[in-house]
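Be aware that the sequence shown starts at 613, since it is given in the numbering used here, and climbs by one per residue.
Notes to accompany the following structure.
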Amino acid sequence: MTEHCESCHIGMPLLSDAQLNAELKKLTDWSHNAEKKRIEKTFIFKGYYQVMAFVNAVAWIAHQEKHHPDLQVSYNQVIVQYQTHEAGGVSKNDLICARMVEALVSTQ
């Protein structure tokens with residue numbers, strides 16, 4: 613059963629460092645940017661067409677979960693960054709979406 617995001621709100625609980633580190637170990641190459649209070653990963657592709665297909669798939673996840681990432685898009689890479697702005701850091705929602713995004717490329 614797939615876990616889904618809960619509605620974001622001010623005061624939403626943030627993950628502790630221990631929780632966050634344990635969850636990040638379950639993902640491939642995601643890191644915690646403590647200064648910017650977010651998790652992020654750089655995805656590399658063969659070219660722009662694959663980049664845009666990936667970005668559109670990430671947009672669909674964001675729409676379905678009502679939780680969007682910040683994206684930096686270039687010719688052959690996408691940097692995906694998640695944080696829960698209302699809570700001021702990384703929440704359970706960010707990891708739920710990171711797992712969904714990770715699943716998009718797990719068959720590459």
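For each residue, glycine too, the CB sits at the ideal point set by N, CA and C.
- Keeping to the same chain, check which residues put their C-beta closer than 8 Å to that of Val667; ignore five residues upstream and five downstream. Closer than 8 Å at Cβ, skipping near neighbours: Leu683, Val685, Val690.
- Message: Distance check for Gly700 and His644, CA to CA, integer angstroms please.
- Response: When rounded, the distance between both Cα atoms is 14 Å.
- Message: The alpha helix (DSSP H) that contains Ile708, what's its start and end?
- Response: First-last of the alpha helix (DSSP H) with Ile708: 704-717.
- Task: Within its chain, find whatever has a CB closer than 8 Å to the CB of Met613; leave out the 5 residues flanking it on each side and keep chain order.
- Result: Low local confidence applies: a pLDDT of 48 at Met613 is under 50, so the model's placement there is unreliable, and no value is given.
- Item | Beta-ladder partner(s) of Leu652, from DSSP | One detail in the question is off: residue 652 reads as Glu in this sequence, not Leu. Ser643, Gln693, per the DSSP bridge assignment.
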